[in-house]
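Read through the structure below, which is laid out as structure tokens, and then see the notes.
Protein chains: 2
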Amino acid sequence: MTDVTPTRADPPRRGRPPKAQAQLSRAAIRDAALQVIDDEGSGGLTMRSVSRVLGVDAKSLYHHVAGKDDLLDAVAEHVLEQLRIPAPTGSIEADLRALAHEFRRVTLAHPEAATLVLTRQLSSSGGLAPVEALLTVLHSAGATPEDAVHLLRTLLATLIGTLLREVSAGPLFGTSDPDEIARRRHTLENSGLPQVASAAPHLARYDRDREFDYTLDLIIDLVNARLGPRK
Amino acid sequence: MTDVTPTRADPPRRGRPPKAQAQLSRAAIRDAALQVIDDEGSGGLTMRSVSRVLGVDAKSLYHHVAGKDDLLDAVAEHVLEQLRIPAPTGSIEADLRALAHEFRRVTLAHPEAATLVLTRQLSSSGGLAPVEALLTVLHSAGATPEDAVHLLRTLLATLIGTLLREVSAGPLFGTSDPDEIARRRHTLENSGLPQVASAAPHLARYDRDREFDYTLDLIIDLVNARLGPRK
DNA sequence: ACCTGAACACCGTTCAAGT
DNA sequence: ACCTGAACACCGTTCAAGT
Numbered sequence: 001m002t003d004v005t006p007t008r009a010d011p012p013r014r015g016r017p018p019k020a021q022a023q024l025s026r027a028a029i030r031d032a033a034l035q036v037i038d039d040e041g042s043g044g045l046t047m048r049s050v051s052r053v054l055g056v057d058a059k060s061l062y063h064h065v066a067g068k069d070d071l072l073d074a075v076a077e078h079v080l081e082q083l084r085i086p087a088p089t090g091s092i093e094a095d096l097r098a099l100a101h102e103f104r105r106v107t108l109a110h111p112e113a114a115t116l117v118l119t120r121q122l123s124s125s126g127g128l129a130p131v132e133a134l135l136t137v138l139h140s141a142g143a144t145p146e147d148a149v150h151l152l153r154t155l156l157a158t159l160i161g162t163l164l165r166e167v168s169a170g171p172l173f174g175t176s177d178p179d180e181i182a183r184r185r186h187t188l189e190n191s192g193l194p195q196v197a198s199a200a201p202h203l204a205r206y207d208r209d210r211e212f213d214y215t216l217d218l219i220i221d222l223v224n225a226r227l228g229p230r231k
Numbered sequence: 232m233t234d235v236t237p238t239r240a241d242p243p244r245r246g247r248p249p250k251a252q253a254q255l256s257r258a259a260i261r262d263a264a265l266q267v268i269d270d271e272g273s274g275g276l277t278m279r280s281v282s283r284v285l286g287v288d289a290k291s292l293y294h295h296v297a298g299k300d301d302l303l304d305a306v307a308e309h310v311l312e313q314l315r316i317p318a319p320t321g322s323i324e325a326d327l328r329a330l331a332h333e334f335r336r337v338t339l340a341h342p343e344a345a346t347l348v349l350t351r352q353l354s355s356s357g358g359l360a361p362v363e364a365l366l367t368v369l370h371s372a373g374a375t376p377e378d379a380v381h382l383l384r385t386l387l388a389t390l391i392g393t394l395l396r397e398v399s400a401g402p403l404f405g406t407s408d409p410d411e412i413a414r415r416r417h418t419l420e421n422s423g424l425p426q427v428a429s430a431a432p433h434l435a436r437y438d439r440d441r442e443f444d445y446t447l448d449l450i451i452d453l454v455n456a457r458l459g460p461r462k
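Protein chains in written order, with our numbering: chain A, 1 to 231; chain B, 232 to 462.
In structure tokens:
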């Protein structure tokens, strides 16, 4: 907020007025885009809103990104690249768990960008590293390459479906707010659908951490069931 | 396409010229919107493109839908309402399988609308009927209401994740086109990632029907493993 | 009750022109 | 090499006015 007194001599400033933005670049644009999404939601992301953050004309962005679609790809890729593969522990179960939690951490770090990241095809090499990590764990669990790929796809589908639910928070899937739980429970109990009514207390409540771990337990059991017998 | 000779007298037509659209209604607007999505993709859906189909001014739509968002909800809801709950067979496994395939049939009937349907929270009572059906199967399999809800959530997450993959067709997830398989296989083999490289033939290929059934097998095993022991 | 003209405040993107 | 003025062909939505 306040000016900083430099401890060293500044580089010569010439006549150039102190622009808001020193140098436009693909990375700077991508970071600005992520900031807009964090602040205003993905609906607020426009070429113009990004350019406003950078103090630049919207059309200037086209020198560094091919268009809005390319920009979205860059953001999704960058978010996913924050994923740090956990060091293998030797326990297949612990490794899968750590990888899943890391995937969750990264995607939920920017909740407003999560749908983008989870929905957009993980095209580049950024999306390949986690795949390699997952395949490595499944391989060391004794899976053939073919089984490993099938399991990988099922595991990812479940993770993506679960994380999408966490960020979209549909009314069908419960909440954490006590008042809202009571309201929804009441609605569900009066739905006229017997199973929905008797499960209403559980349908109305959603604890994100617990629910994620429950699903994680299930799919780890699933991997064990497939791969355990052949060891 | 051709005029039909009425067998009964038409209602008096007065001076009203034969407009393209007899009567505007929420249902007609929703159907037109789905048609636009089918024809041009969800990106082509605008209030103006919908109104064009109906031969009407875009602003007229606002007398029947609250706005674009409301219209999207109406479309998603309508697609999901095509789901016909299969009659229970007595076999838990067969019932789950039939329900999953019906869910897939309905969402993939309009591929361009699928992301909308799968992503948008199934808010209204239209989304509640399949939930009731799933809970019924899980209940008859001996699940407590609490377990049934957890299993329901995991099953839906996996189905949604799998179906989203089918329609988005990310390059990381293989294809059915032989030439493209060869190309991707080559890329993956040269990725420098050992597990990705050795699984390349399987990563490059994606047979949608087989893959769906494989995942379905897995999650049915999962339900059996959870619920079987307690019977 | 239903539809629309005029209007507002936006979009993404191109292209020729400037430095 | 990078940026922008002018411009194009769009958006969703409001509101007062018409029938």
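We put the CB at the ideal spot given by N, CA and C, even for glycine.
Remember, predicted model here, so these are calculated numbers, not experimental data.
Chain-order list of residues whose beta-carbon lies under 7 Å from that of Ser51 (chain A) (same chain, five-residue window excluded): Within the first sequence, numbered from 1, the residue matching residue 51 (chain A) stands at position 51. Asp57, Ala58, Ser60 and Leu61, listed in sequence order.
Chain-order list of residues whose beta-carbon lies under 7 Å from that of Glu189 (chain A) (same chain, five-residue window excluded): The count along the first sequence starts at 1 and reaches residue 189 (chain A) at position 189. Answer for Glu189 (chain A): Ala197 and Ala200, listed in chain order.
How would you list, in chain order, the residues of chain B whose beta-carbon sits under 7 Å from the beta-carbon of Leu193 (chain A)? As a working mapping, residue 193 (chain A) is identified with position 193 in the first sequence. Per Cβ cutoff of 7 Å: Leu359 and Glu363.
Looking at chain A, which residues of the stretch 316-344 of chain B have a Cβ within less than 7 Å of any of its Cβ atoms? Of all residues in the stretch 316-344 of chain B, none has a Cβ within less than 7 Å of some Cβ in chain A.
DSSP-derived helix/strand/coil call for Thr406 (chain B): Within the second sequence, residue 406 (chain B) is the residue found at index 175, counting from 1. Here DSSP, grouped into helix, strand and coil, assigns Thr406 (chain B) to strand.
If you compare alpha carbons, which of A:Glu166, A:Gly161, A:Leu164 and A:Val131 is closest to His150 (chain A)? To locate residue 150 (chain A), count along the first sequence from 1; it is residue 150. Cα-wise, what sits closest to His150 (chain A) is A:Val131.
Return the bridge partner residues of Arg205 (chain A) from the DSSP annotation. Walking along the first sequence from the start, residue 205 (chain A) turns up at place 205. Partner(s): A:Thr175.
Excluding the 5 residues flanking Leu71 (chain A) on each side, which residues of the same chain have their C-beta closer than 6 Å to its C-beta? Mapped onto the first sequence, residue 71 (chain A) falls at position 71. Excluding five sequence positions before and after Leu71 (chain A), the CB atoms of its chain that fall closer than 6 Å to its own CB belong to Ala33 and Val65, given in chain order.
If we cut at 8 Å on Cβ distances, does Pro409 (chain B) have a partner in chain A? Locating residue 409 (chain B) in the second sequence gives position 178, counting from the first residue. Residue contact with chain A for Pro409 (chain B): absent (no Cβ-Cβ distance below 8 Å to any residue of chain A).
Selection of the stretch 211-222 of chain A by Cβ proximity to chain B, strictly under 8 Å: So the list reads Glu211, Tyr214, Thr215, Leu218, Ile219, Asp221 and Leu222, given in the order they occur along the chain.
List the residues of chain B whose Cβ lies closer than 9 Å to the Cβ of Glu146 (chain A), in chain order. As a working note, residue 146 (chain A) is residue 146 in the first sequence. Simply Ala430, Pro432 and His433.
Distance between beta carbons of Leu453 (chain B) and Asp221 (chain A), contact taken as under 8 Å: Along the first sequence, one-based indexing puts residue 221 (chain A) at 221. Along the second sequence, one-based indexing puts residue 453 (chain B) at 222. That pair is a contact at about 7 Å.
C-beta atoms of Leu155 (chain A) and Thr115 (chain A) nearer than 8 Å: In the first sequence, counting from the first residue as 1, residue 155 (chain A) sits at position 155. In the first sequence, counting from the first residue as 1, residue 115 (chain A) sits at position 115. No, the Cβ-Cβ distance between Leu155 (chain A) and Thr115 (chain A) is not below 8 Å.
Between the stretch 267-295 of chain B and chain A, which residues of the former have CB atoms less than 9 Å from a CB of the latter, in chain order? Interface annotation for the stretch 267-295 of chain B against chain A: empty, criterion Cβ-Cβ distance under 9 Å.
May I have a chain-ordered list of the alpha helix (DSSP H) segments no shorter than 4 residues that lie completely inside the stretch 259-307 of chain B? Complete alpha helix (DSSP H) runs here, min 4: 278-285.
Quick check: is the beta carbon of Gly459 (chain B) nearer than 8 Å to any beta carbon in chain A? Counting from 1 along the second sequence, the entry for residue 459 (chain B) is found at position 228. Gly459 (chain B) is outside the set of residues whose beta carbon lies under 8 Å from a beta carbon in chain A.
For Gly43 (chain A) and Glu397 (chain B), I'd like the C-alpha separation in whole angstroms. Counting from one through the first sequence, the residue named residue 43 (chain A) turns up at place 43. Counting from one through the second sequence, the residue named residue 397 (chain B) turns up at place 166. Taken atom to atom, the span from the alpha-carbon of Gly43 (chain A) to that of Glu397 (chain B) is near 25 Å.
Any chain B beta carbon closer than 8 Å to His78 (chain A): Taking the first residue of the first sequence as 1, we reach residue 78 (chain A) at position 78. It does not; no Cβ of chain B falls within 8 Å.
Cβ-Cβ separation, Phe443 (chain B) to Arg198 (chain B) (assumed contact under 8 Å), whole Å: Here chain B covers residues 232 to 462 and nothing more, so residue 198 (chain B) does not appear.
I'd like to know whether the C-beta of Arg414 (chain B) is nearer than 8 Å to at least one C-beta of chain A. The residue you call residue 414 (chain B) lines up with position 183 of the second sequence. Taking Cβ atoms only, chain A never reaches closer than 8 Å to Arg414 (chain B), which makes this a no.
What's the C-alpha gap between Gly459 (chain B) and Ala372 (chain B)? Numbered from 1 along the second sequence, position 228 holds the residue referred to as residue 459 (chain B). Numbered from 1 along the second sequence, position 141 holds the residue referred to as residue 372 (chain B). Straight-line Cα distance between these residues: approximately 8 Å.
So, for Arg26 (chain A): in the same chain, excluding its five sequence neighbours on each side, which residues have a beta-carbon less than 8 Å away from its beta-carbon? Residue 26 (chain A) sits at position 26 when you count from the first residue of the first sequence. Correct list, in chain order: His64, Val65 and Ala74.
Tell whether a beta-carbon distance below 8 Å holds between Leu365 (chain B) and Leu383 (chain B). Locating residue 365 (chain B) in the second sequence gives position 134, counting from the first residue. Locating residue 383 (chain B) in the second sequence gives position 152, counting from the first residue. A Cβ-Cβ contact shorter than 8 Å links Leu365 (chain B) with Leu383 (chain B).
Since His202 (chain A) contacts Glu377 (chain B) with CB under 8 Å, what's their CB separation in whole angstroms? Counting from 1 along the first sequence, the entry for residue 202 (chain A) is found at position 202. Counting from 1 along the second sequence, the entry for residue 377 (chain B) is found at position 146. About 5 Å separates the beta carbons of His202 (chain A) and Glu377 (chain B), which is inside the 8 Å limit, making them a contact pair.
DSSP state of Ile85 (chain A), grouped into three classes? The residue you call residue 85 (chain A) lines up with position 85 of the first sequence. In the structure shown, Ile85 (chain A) sits in coil (DSSP, three-state: anything other than H, G, I, E or B).
How big is the Cα-Cα spacing for Gln252 (chain B) and Phe173 (chain A)? Residue 252 (chain B) sits at position 21 when you count from the first residue of the second sequence. Residue 173 (chain A) sits at position 173 when you count from the first residue of the first sequence. The predicted position of Gln252 (chain B) is uncertain, since its pLDDT is 47 and thus under 50; a value taken from the coordinates is nonetheless stated next. Approximately 39 Å, taken between the alpha carbons.
Proximal chain A residues relative to Gly298 (chain B), where beta-carbon distance stays under 8 Å: Stepping through the second sequence from its first residue, residue 298 (chain B) is reached at position 67. Chain order gives no chain A residues near Gly298 (chain B), where near means a beta carbon separation below 8 Å; the closest approach is about 13 Å.
Among residues of its own chain, excluding the 5 on either side of Glu112 (chain A), which ones have a beta-carbon nearer than 7 Å to its beta-carbon? As a first step, residue 112 (chain A) is located in the first sequence; it is residue number 112 there, counting from the start. The answer, listed in chain order, is Ile37, Asp38, Gly41 and Ser42.
Which one of B:Arg414, B:His370, B:Leu424 and B:Arg436 has the shortest CA to CA distance from Gln195 (chain A)? For this step, residue 195 (chain A) is matched to residue 195 along the first sequence. Closest option to Gln195 (chain A), Cα to Cα, is B:His370.
Where Gln254 (chain B) and Ala329 (chain B) are concerned, what is the direct C-alpha to C-alpha distance, given to the nearest angstrom? Within the second sequence, numbered from 1, the residue matching residue 254 (chain B) stands at position 23. Within the second sequence, numbered from 1, the residue matching residue 329 (chain B) stands at position 98. Spanning the two alpha carbons is a distance of roughly 38 Å.
Put Leu140 (chain A) into one of helix, strand or coil per three-state DSSP. For the purposes of this step, residue 140 (chain A) is taken as the residue at position 140 of the first sequence. The sequence shown places Ser at residue 140 (chain A), not Leu. DSSP, reduced to helix, strand and coil, places Ser140 (chain A) within a helical segment of the structure shown.
Judging by CA-CA distance, which residue of B:Val368, B:Asp440 and B:Arg436 is the nearest neighbour of Asn455 (chain B)? By one-based count along the second sequence, residue 455 (chain B) stands at place 224. Measuring C-alpha to C-alpha distances from Asn455 (chain B) to each of B:Val368, B:Asp440 and B:Arg436 identifies B:Val368 as the nearest.
Taking its Cβ as the centre, do 16 or more other Cβ atoms sit within 10 Å of Gly423 (chain B), making it buried, or is it exposed? Position 192 of the second sequence, counted from the first residue, corresponds to residue 423 (chain B). Flag for Gly423 (chain B) reads exposed.
For Thr119 (chain A) and Glu81 (chain A), what's the separation of their Cα atoms in angstroms? For the purposes of this step, residue 119 (chain A) is taken as the residue at position 119 of the first sequence. For the purposes of this step, residue 81 (chain A) is taken as the residue at position 81 of the first sequence. Near 16 Å, if we compare the C-alpha coordinates of Glu81 (chain A) and Thr119 (chain A).
Pop quiz: Thr389 (chain B) and Ala143 (chain A) are said to be a contact at Cβ under 8 Å. What is the actual Cβ separation, rounded to whole angstroms? Here residue 389 (chain B) is taken as the residue at index 158 of the second sequence, counted from 1. Here residue 143 (chain A) is taken as the residue at index 143 of the first sequence, counted from 1. Contact between Thr389 (chain B) and Ala143 (chain A) is absent: CB atoms are separated by about 19 Å, not below the 8 Å threshold.
Can you pull the chain B neighbours of Gly142 (chain A), defined as C-beta to C-beta under 8 Å? To locate residue 142 (chain A), count along the first sequence from 1; it is residue 142. The contacting residues do not exist; Gly142 (chain A) stays about 14 Å from chain B at best.
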